[in-house]
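Protein chains in written order, with the numbering used here: chain E, 1 to 78; chain H, 1 to 287. Here a beta-carbon is modelled for each residue, glycine too, at the ideal position from N, C-alpha and C. This structure is a prediction, so every number in the text was calculated from the model and none was measured.
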């Protein structure tokens, strides 16, 4: 393995790991707030659920892009 | 069979290469290796992505046309009920987030939702079925099955997702200019957050947020689908290892497919909702 592809593997690993970290923190904060809201006002649960999925997708977007790019670097380029 | 002779990394690469039609050394033809495919440059076309995206859009048209032809005003049953549920779901999403008069938005939201869902759904078909059929038919026609690249999920091809996102970007620009006027659109870009004395900062911020819309739409769908596809491919490599690994891989594949049902629907929904929201923002006259 030459130096360039070693660097690419490190880059892909960093992208995957840091992306997972960001998504974990973001989705964790989001879902704790959703649970809090649902406990306070149970009649809002259907609205909260649909909004939760939408915002989870949006929070997930940038980490997921990083995961996609990271996997592309690992398997497509390196 | 072509795949048994490949190593794991070649197998993964084979699954990630599009069937590309373009110019090789001055004449037109299909690429036989990944290097040839990437050397074709701009004037090449990914035949498999085009084929499956058009096939899924035809399935969408056909299913909804059959439902529309057979629709009755009585109590809907089965199939018609399902189609009405989909249409009502999209209609409610449009009513919730779009507050202006535009006949284009709701049909476009329905097309985006169902089309992206169907394109993503190709991911759930076991990843070797369709490529193996393609390889066998190429072999039957006297071609080389090793060069029969076939990537069946159109939304794992950035060209497709960027094509959709750029069409939406053009619609955003069109409706912004139509409803605010060219001057209104440009002044929104130039004077919005900080007033007229902060013009360079305004242009920078608003320009970035304008360009970020299509890029994040396209890359979000592509990233999710590409990551899911890679995980399916990695699970599939376990089948060649050992019988125990194979059974474990089968369980993993079912679990990941069940989880992926959520992701593909969610991505189609998010793409649709964000399109509606962006169209709403394009119609907004004053901040």
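Contact of residue 61/E with chain H is assigned, a C-beta pair being separated by under 8 Å. A straight line joining the alpha-carbon of residue 43/H with that of residue 151/H spans about 19 Å. Here the alpha carbon of residue 173/H sits roughly 7 Å from the alpha carbon of residue 282/H. Residue 131/H sits buried, since 16 or more C-beta atoms from the chains shown fall within 10 Å of its C-beta. The Cβ atoms of residue 67/E and residue 19/E sit closer than 8 Å to each other. Beta-carbon to beta-carbon, residue 30/E and residue 56/E are separated by about 6 Å, close enough to satisfy the 8 Å threshold. Interface annotation, residue 22/H: not in contact with chain E, CB-CB separation never under 8 Å. With the criterion set as a beta carbon lying under 7 Å from some beta carbon of chain E, the members of the segment 219–231 of chain H are 219, 220, 222, 223, 224, 226, 227, 230, in sequence order. Spatial neighbours of residue 177/H in its own chain (CB-CB distance under 8 Å, excluding positions within 5 residues in sequence) are listed in chain order as 185. In terms of CA proximity to residue 237/H, 252/H leads the group 18/H, 46/H, 252/H. A contact between stretches requires three or more CB pairs, one per stretch, nearer than 8 Å, and the segment 209–229 of chain H meets this requirement with the segment 144–161 of chain H. Taking CB atoms only, residue 270/H has a neighbour in chain E less than 8 Å away. A residue is called buried once 16 or more other Cβ atoms fall within 10 Å of its Cβ, and residue 101/H, having fewer, is exposed. Between residue 113/H and residue 272/H, the gap from beta carbon to beta carbon is short of 8 Å.
Counting of Cβ neighbours within 10 angstroms places residue 92/H among the exposed residues, the total staying below 16. Against chain E, the beta carbon of residue 216/H has neighbours under 7 Å at 61, listed in chain order. At a C-beta separation below 8 Å, residue 54/E has these neighbours in chain H: 269, 270, 273.
Nearest C-alpha to residue 106/H among 88/H, 120/H, 191/H: 88/H. Counted as a single uninterrupted DSSP element, the stretch harbouring residue 11/H is not any beta strand (DSSP E) but the alpha helix (DSSP H) occupying residues 8–15.
Contact of residue 266/H with chain E by beta-carbon distance below 7 Å involves 53, 57. Where residue 65/E is concerned, the enclosing alpha helix (DSSP H) starts and stops at 45–71. Against residue 12/H, the close residues of chain E are 75, in the order they occur along the chain (beta-carbon pairs closer than 7 Å).
Within its own chain, the residues whose Cβ lies closer than 8 Å to the Cβ of residue 52/E, once the five positions on either side in sequence are excluded, are 30, 31, 34, listed in chain order.
The C-beta of residue 10/E comes no closer than 8 Å to any C-beta of chain H.
Taking a Cβ-Cβ threshold of 8 Å, none of the residues of chain H is close to residue 7/E; the smallest such distance is about 18 Å. Following the DSSP letters along the chain, one finds residue 235/H inside the alpha helix (DSSP H) bounded by residues 199–237.
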